[in-house]
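Sequence lines, in order, name chains A and B.
First residue of the first sequence? That's 1 in the working numbering, and the numbers climb one at a time after it.
First residue of the second sequence? That's 326 in the working numbering, and the numbers climb one at a time after it.
No residue lacks a Cβ here, since even glycine has one placed at the ideal position from N, Cα and C.
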Amino acid sequence: MIKKIQSVFLCFALVVTSIVGIGQVATVATAADFPSKPIEVVTHAGLGGGTDTTARMLLIRTRKNLKNNAYITPKKGDSGNKAMSYVKSKPKDGHTVLAITPTHLFRMARGEAALTIDDFVGVARTTVDPIVIFVNAKSPYKTIEDLIKAGNKKPIKYGGTNVGSVDHISGLIFAREAKTKIAFVPFEGGGAIMTSLVGNQIEAAGLNLDEGKDQLDAGELRVLAVMADQRMAALPDTPTLKEKGINASFATVRGVVVLKGTPQSAIDKLEKGFLKAMKHPVYQNYLQGAGLDSSSVAGAKAWDTEIKSIYKEARAALVSLGLAK
Amino acid sequence: MDIFSNISLILDTKTLALILGSTITGVLIGALPGLSSGMAIALLLPFTIYLEPSQAIAAMAALYCGGTFGGSITAILINAPGAPPAAATAFDGFPMAQKGQAGKALGMAAVSSVVGGVISLMVLITFAPTLARIAYKFGPPEYFALAIFGLSMLASISSKSPVKNLIGGLIGLFVATIGVHLTTGISRFTFGVDELFEGISFVPVLIGLFAMSEILVQASKSELLLERIKFSAIKLPSITEFKSCGKSILRSSGIGTFIGILPAEGGTVSAMIGYNEARRWSKNKENFGKGEIEGVAAPESANNAATGGAMIPTLALGIPGSATTAVILGGFQIHGLRAGPYLFEQQPDLLYTIFYGMLLANFIFLVFGLMGAKIFSRISLIPRGYLWPSVFVFCLVGSYGLSQSMVDVYIMLISGVMGFFLRRYGFSPAPIIMGIVLGELVENSLAQSIIIFDQNIFMFFTRPICLLFFSLTFLSLFYRPIKNLIMKGKKDE
C-alpha cells in the first residue's frame, strides 16, 4: 500500500517537474511558438488620449487575429522616456511592444534617452495625422503667404503644445524655412489651443485636423496650409507647405515598434496580426471618426524607414535650433 | 419645451440596465482613491463598440455623473477623497463623520449633488449652444484673473489663523512649481528624478495630506479617549437642514456650471470656489472646517454641477470641458460620431439620450446614495484599530494604482508625514490643496498672457472679464477694512 502511494507520488512529482521544465523551454524557444504569453503594449500617454485610444482600438481585433490576449501598460513621464526605459528592461521576444509617436523620437534626438534610434525596429504604422496651420476665420490672413508676410513685420503668435514637442519644432522650422518669425505660445492641450484661436487670443496654430474640424465646419476657423508632402483627402483645396516651396513636413504619426534582436518570425506574426486588425471595420471606423485616411496604416518596412527619417530630421532640426547638442 | 417628449429614447430595458450599471460602477470607482471615472471610461471604450452609439455615450456620461458623486463617500467617511473634485468635501465632511454625523453628511452630499447635477443638465439642454461660447471668451488672461480671484480666499479658507493659511497656500503654490515649466521647458526642483518632470501628481498629495495624515493623527490618540459609538451616525439630514443649505446649493450649482463650461477647469476648482463662497456668505463662518453641513453641500453641488457644465462645450463645440469629457469625446470618435454644433442640429436624438442618461444617473445615485448612506455611515462606527490600518492599505494602493509608480507612493507618504506635522502646528490642509490646484493655472496662464501681451502686463486691464475678476478680488480682500473705515467715519461725525 505504502509503495503504491509512493509510486503515485513519484509519478506526480515527475509530471510536475516536467511541466515546469517545459515551461522553461518554452520561454527560451520563443521564436517557434510566438505568442506564448499575452502581448503587452506600452504607451507613454494618459488614458483616453490619442495614443491610448489608438492602441486600444488596434488591440480589439489583434487579440482575435493572434488568438492571444493583449493589454496596455501606460508608463507616463519624461516625454516617453519612462516607457522606453521600461521596454528596454523587457526580453527581446516580441511580447513587449512600444507604441511610439514623434514625442519619443524628439526625446531621443535631444539625447540621453533610454533607447537610441538603433535599438528598435518598426512593426506597423497606425495613424498619420499631419499638422495643419489654422487661423481664425475673421483673420486678415487669407493665405499662407499673408501669414508669412505679417510675421516679418511682427512675430505671429503661434499656439501649440509643450515646448520641445512636434508642434513646437514644426512651428519653428516652418518659420525658419518660410523666412518669417513666430512667437510660440505653449498650451497644455489641443482644446485650449483651439479655443484661444477662436477667441482671438492667438493668431495662428498648428493643430491636427481633428482638433479643429468642428470649428472649421462651423465657419469659425480657416486652414491655410498642411505640413505634408501630399494634400490631405479631407482638405483637397488646402495647399501643402511643400507646394509653396517651404520644406516643413510634420505629422503626428503613431505606430508600434519592438526591440531590435526580436526574432524575425515574431515580428512577422505581429505585423500580420496588426495589419489585419487595422483593415477591419472596427479600426477603419475609428480612423474615419478621427478624420484620418485609411492610408494611415503601413507595414513594418515602410514604418521602419519612416521612423529613421523622422529621427534624422528631428535631430538636425533640434541641433540647428540649438535645442540639442 | 418639449424636453420630456423624448423620454421614450431611453425607455428600453437594455439602455436602462446599462445606465443603472454604469452609474453604480461610477459611484464605486469614484469612491476609491486612485481610480477615477476618466480612467474607468477609457477602459470601457473598447467594449462600447458592441453597443448602439447612443447607448454607449449615455453609459459613459452616466458613469461620469456617478463617479463625481462617489468621491464624496470616502472623503466623508475616511478623509480620503476618492477623486480630486471631492477634496473640498473632506474639509467639513470628515469632521462631521467624526462628530457622529456621517449619515447627515452623506445624505447632504447625495441631495446637493443631485440638485447641482440636475440644474447643470437643465442649463445644458436649454442654453448649451449659446453658453458654450463663453469658452471662447476665456483666454489665458481670463484664466489668470479667475485663478487670482480663487486665491483671494486663501487666507480665510479655513478657520485656522489667516497667517498660517497663507503659509499653507504658499507651500501649495511651491509644490505646483515642481516639474517642467510650460513656456520655457526648463525643469525645476526635479533633482533628476524622471517621475517629477511632469510635476507632482495631485492625487498622491491629496491622499497623503488627508487620509495618511489622519492615520497618523488617529495613531497618536490615546485609546482611552475613544468616543463611544453614537447611534445618530446613521441619521439622515432633516428638512430644516436641507432648507438652511438651499442658498449655498443654488449658488454652488451656478458656480459649478459656469466653471465646468470653461475647458481648462472643472470639478476641483468649482468645488473649491463653491466652498469659499459658501463660507463667505454663511452666518456660521467659524464652524467651517469643524463639521459645518453647508461646507459639504456647497462643494458637492458645485462639483456635480461641473459635470453638466463640462458637457456643454463638449457637446456643443466638441471641446472637452474636463479630462473625463475628453475621454467621452474619444468615445464619439470610436463610434464615428461628431460632437459640435452639428450634434444639436442634426442628431437631437443622440443629444436627448445623453441628457436623459445623465438625468437618470443623477436620480439613481440619489437613491443609491440615500439608501447607502445608512449603510456606509456605519463605517464611521468601525473601531479605529481596524478601520485606519485598512485605510492605510487603501492609501498605498490608491497612490500606486494611478500610474503604477512607486514615486507616487513616496510622495503620498511624505505628504502624509508633512500633513501630520502641519496639522499639529495649527495648519489646515485646505489652503495647501487650494495652492496646488490653482498654482499651476496661475503660473501657466500668466506666462502665456505675457507672450500674448507682448510682455506688457498692463494689457490685463484692457480686458473686461479680467477687470471684473480683478474687482471681485479687490472687493473680497478689502471689503471689511473699507466697511470698517466707513463705519468709523460715520461714528466720527
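Where A:Ala316 falls, given that 16 or more other Cβ within 10 Å makes a residue buried: Counting Cβ neighbours within 10 Å, A:Ala316 comes out exposed, since fewer than 16 surround it.
Cβ closer than 9 Å: which chain A residues qualify as neighbours of B:Ala664? By Cβ distance, chain A contributes Asp214.
So, is the C-beta of A:Pro186 closer than 8 Å to a C-beta in chain B? Closer than 8 Å: yes.
Measure the beta-carbon distance from B:Gly592 to B:Thr787 and round it to whole angstroms, keeping in mind my assumption that it falls under 8 Å. In fact, because the Cβ distance is near 31 Å, the residues do not count as touching under 8 Å.
At a cut of 8 Å, does the stretch 280-288 of chain A reach the stretch 657-668 of chain B through at least three beta carbon pairs? Between the stretch 280-288 of chain A and the stretch 657-668 of chain B there are three or more inter-stretch CB-CB distances shorter than 8 Å, so the stretches are counted as touching.
Please confirm whether A:Ser296 and A:Arg125 have their CB atoms less than 8 Å apart. Going by C-beta atoms, A:Ser296 is nearer than 8 Å to A:Arg125.
Delimiting residues of the beta strand (DSSP E) encompassing A:Val163: First-last for A:Val163: undefined, no H or E at that position.
With distances taken from CA atoms, which of B:Ser512, B:Ile496, B:Ala686, B:Glu590 is nearest A:Gly189? Among B:Ser512, B:Ile496, B:Ala686, B:Glu590, the Cα nearest to that of A:Gly189 is on B:Glu590.
If we define contact as Cβ-Cβ less than 8 Å, is A:Lys90 a contact residue for chain B? A:Lys90 does not count as touching chain B.
In whole angstroms, what is the alpha-carbon distance linking A:Phe120 and B:Ile335? Distance between the alpha carbons of A:Phe120 and B:Ile335: 50 Å.
Cα separation between B:Ala480 and A:His104? If I take the Cα positions, the gap works out to 43 Å.
Terminal residues of the alpha helix (DSSP H) in which A:Ala204 lies: It is not in any alpha helix (DSSP H) - A:Ala204 instead sits in the beta strand (DSSP E) that spans 204-208.
Cβ closer than 9 Å: which chain B residues qualify as neighbours of A:Asp217? By Cβ distance, chain B contributes Arg663, Gly665, Pro666, Tyr667.
Best match in B:Ser512, B:Val439, B:Val518, B:Leu446 for proximity to B:Leu691 [C-alpha to C-alpha]: When each option's Cα is compared against that of B:Leu691, the closest is B:Val439.
Indicate whether at least one CB of chain B lies closer than 8 Å to the CB of A:Gly80. Under the Cβ criterion of 8 Å, A:Gly80 is not counted among the residues facing chain B.
For A:Ile173, tell me which candidate among A:Met232, A:Met194, A:Ile246 has the shortest Cα-Cα distance. Of the candidates A:Met232, A:Met194, A:Ile246, the one whose C-alpha sits nearest the C-alpha of A:Ile173 is A:Ile246.
Please return the same chain residues whose Cβ sits closer than 6 Å to the Cβ of A:Ile307, not counting the five positions on each side in sequence. Answer for A:Ile307: Gly122, listed in chain order.
Within its chain, find whatever has a CB closer than 6 Å to the CB of A:Asp210; leave out the 5 residues flanking it on each side and keep chain order. Sequence-distant partners of A:Asp210 (beyond 5 residues in either direction) whose C-beta falls short of 6 Å from its own C-beta, in its chain, are Ala290, Gly291.
On the CB-based measure, 16 or more other CB atoms within 10 Å of its CB, does B:Asp674 come out buried or exposed? By the neighbour-count rule (16 or more Cβ atoms within 10 Å), B:Asp674 is not buried but exposed.
Shorter than 8 Å from the beta carbon of A:Ala192 to some beta carbon of chain B? Judged by the 8 Å Cβ criterion, A:Ala192 is in contact with chain B.
Just verifying my parser: in three-state terms, what is the DSSP assignment at A:Lys138? In the structure shown, A:Lys138 adopts coil according to DSSP, grouped into three states.
I'd like the span of the beta strand (DSSP E) that includes A:Thr262, first residue to last. Looking at the DSSP string, A:Thr262 is not in any beta strand (DSSP E), and its letter there is neither H nor E.
Which residues mark the beginning and the end of the beta strand (DSSP E) in which A:Tyr71 is found? Element bounds for A:Tyr71: 70-74.
The stretch 357-367 of chain B contacting the stretch 695-715 of chain B, beta-carbon criterion three pairs below 8 Å: Touching, no, given that fewer than three Cβ pairs across the two stretches are closer than 8 Å.
Out of B:Thr348, B:Pro410, B:Glu377, point me to the one whose CA is closest to B:Ala755's CA. The candidate whose alpha carbon is nearest that of B:Ala755 is B:Pro410.
Delimiting residues of the alpha helix (DSSP H) encompassing A:Thr51: Note, A:Thr51: alpha helix (DSSP H), 50-66.
Determine the chain A residues that contact B:Ala589 at a beta-carbon separation under 7 Å, and present them in chain order. Ala192, listed in chain order.
Check the DSSP bridge columns for A:Val223 and list the partner residues they point to. Note: A:Val223 sits in a beta bridge opposite A:Phe134.
Buried or exposed: where does A:Ser75 fall if 16 or more other Cβ atoms within 10 Å of its Cβ makes it buried? Looking at the sequence shown, residue 75 of chain A is not Ser but Lys. In this structure A:Lys75 is buried. Its beta-carbon is surrounded by 16 or more other beta-carbon atoms within 10 angstroms.
Please check the pair A:Asn81 and B:Asp519, which I expect to be a contact at CB under 8 Å, by giving their CB distance rounded to whole angstroms. Indeed, because the Cβ distance is near 6 Å, the residues count as touching under 8 Å.
Chain A contacts from the stretch 759-773 of chain B (Cβ-Cβ distance under 8 Å): For the stretch 759-773 of chain B, the set of positions with a beta-carbon nearer than 8 Å to some beta-carbon of chain A reads Asn769, Gln773 in chain order.
I want to verify the contact list: residues of chain A whose CB lies under 7 Å from the CB of B:Ala460, in sequence order. Neighbours of B:Ala460 on chain A, chain order: Thr195.
Using Cβ-Cβ distances below 9 Å, what residues of the stretch 50-61 of chain A are close to chain B? Listed by position along the chain: Gly50, Asp52, Thr53, Arg56, Met57, Leu59, Ile60.
Residues from the stretch 353-380 of chain B in contact with chain A, defined by Cβ distance under 8 Å: Those residues of the stretch 353-380 of chain B placed with their C-beta closer than 8 Å to a C-beta in chain A are Gly363, Met364, Ile366, Ala367, Leu368, Leu370, Pro371, Ile374, ordered along the chain.
CA-to-CA distance, A:Ile182 to B:Thr509, given in whole angstroms: Between B:Thr509 and A:Ile182, the C-alpha separation is close to 15 Å.
Candidates A:Leu323, A:Ala314, A:Gly322, of which the one nearest A:Phe106 by Cα: If you compare the alpha carbons of A:Leu323, A:Ala314, A:Gly322 with that of A:Phe106, the shortest gap goes to A:Ala314.
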